[in-house]
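Structure record follows, encoded as structure tokens.
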Amino acid sequence: RKEVEQDPGPFNVPEGATVAFNCTYSNSASQSFFWYRQDCRKEPKLLMSVYSSGNEDGRFTAQLNRASQYISLLIRDSKLSDSATYLCAVNSRTYKYIFGTGTRLKVLA
Amino acid sequence: DTEVTQTPKHLVMGMTNKKSLKCEQHMGHRAMYWYKQKAKKPPELMFVYSYEKLSINESVPSRFSPECPNSSLLNLHLHALQPEDSALYLCASSQGLRQGRSYNEQFFGPGTRLTVL
Chain F
2 RKEVEQDPGP
12 FNVPEGATVA
22 FNCTYSNSAS
32 QSFFWYRQDC
42 RKEPKLLMSV
52 YSSGNEDGRF
62 TAQLNRASQY
72 ISLLIRDSKL
82 SDSATYLCAV
92 NSRTYKYIFG
102 TGTRLKVLA
Chain S
866 DTEVTQTPKH
876 LVMGMTNKKS
886 LKCEQHMGHR
896 AMYWYKQKAK
906 KPPELMFVYS
916 YEKLSINESV
926 PSRFSPECPN
936 SSLLNLHLHA
946 LQPEDSALYL
956 CASSQGLRQG
966 RSYNEQFFGP
976 GTRLTVL
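Chains as they are written, first to last, in our numbering: chain F, 2 to 110; chain S, 866 to 982.
Put into structure tokens, the structure is as follows:
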């Protein structure tokens, strides 16, 4: 089993739709969790950290489920500009980020 | 706008060349990282520096040699690379390595796209 797993997609959704991605991790000792967005041939950009209590930033909501060892990202009211690859990252006690392979999102007009 | 800068943006080198990649951050961060990313794959950690000391080397071949001259600068010296080393090389920085809200959030530079002929 990979340390961090994501559904590669693509998720094709119409504008205005709500879409959710999950990311599972295998190391129960993991303490820090992040979502990044990566556009084609660009660097990953930090979208949000994921806290135990869950957190929201505008149309984006991130949640952590420690019992089932996954994090989720919910995007409401999708925009064309949300089309990108969404990478989760999990930081283990060795201070190493493990990235998931990413989920591709295409928002269609 | 990224506060982590990398030069050059693109680099083409032969297998016998020696070149260096440079990274600079202006956020006062004390941890800096090198990653390698191949097409359609996630970034893979290569090296981690904390307070200018090498903390993690992910068993990277010696043809890659990192250097951290000061807390703002990170270099990656390249020598005798192979064509399979062609990739996007990303630099990142964070406040530090300790766990905790925002402390280990990593911010990436735009990367250097390296082609080895």
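The beta-carbon is built from N, C-alpha and C at its ideal position, and this holds for glycine as well. Keep in mind that this is a model prediction, so the values were computed, not measured.
Using a beta-carbon distance below 8 Å, is residue i in contact with chain S?
i, result
"K97(F)", "yes"
"E4(F)", "no"
"S50(F)", "yes"
"T1(F)", "One cannot answer for residue 1(F) here, as it falls past the ends of chain F, which runs 2 to 110."
"Q32(F)", "yes"
"N28(F)", "no"
"T102(F)", "yes"
"N92(F)", "yes"
"P45(F)", "yes"
"F22(F)", "no"
Is residue i helix, strand or coil when you go by DSSP?
i, result
"P1(F)", "Any answer about residue 1(F) is impossible in this case: the structure gives chain F only from 2 up to 110."
"P948(S)", "helix"
"L962(S)", "coil"
"S82(F)", "helix"
"C24(F)", "strand"
"S93(F)", "coil"
"N969(S)", "coil"
"S73(F)", "strand"
Along the chain, where does the beta strand (DSSP E) that runs through residue i open and close?
i, result
"R105(F)", "T104 to L109"
"D58(F)", "N56 to D58"
"R978(S)", "T977 to V981"
"E6(F)", "V5 to Q7"
"C888(S)", "K883 to Q890"
"H894(S)", "Per DSSP, H894(S) belongs to no beta strand (DSSP E) and is neither H nor E."
Quick check: is the beta carbon of residue i nearer than 8 Å to any beta carbon in chain F?
i, result
"F912(S)", "no"
"F972(S)", "yes"
"P873(S)", "no"
"S951(S)", "no"
"Q964(S)", "yes"
"S858(S)", "Examination of residue 858(S) is not possible in this model, given that chain S is present from 866 through 982 alone."
"Q931(S)", "For clarity, residue 931(S) is Pro in the given sequence; the question names Gln instead. False, the Cβ-Cβ gap to chain F never drops below 8 Å."
Assuming residue i contacts residue j under a Cβ cut-off of 8 Å, what Cβ separation, rounded to an integer in Å, is found between them?
i, j, result
"L75(F)", "T62(F)", "4 Å"
"V20(F)", "F35(F)", "Not a contact, Cβ separation roughly 19 Å."
"S958(S)", "H894(S)", "4 Å"
Complete beta strand (DSSP E) runs within the stretch 896-935 of chain S (minimum length 3 residues, chain order): DSSP runs (the beta strand (DSSP E)) wholly in the stretch 896-935 of chain S: 896-902, 909-915, 918-922 and 929-935.
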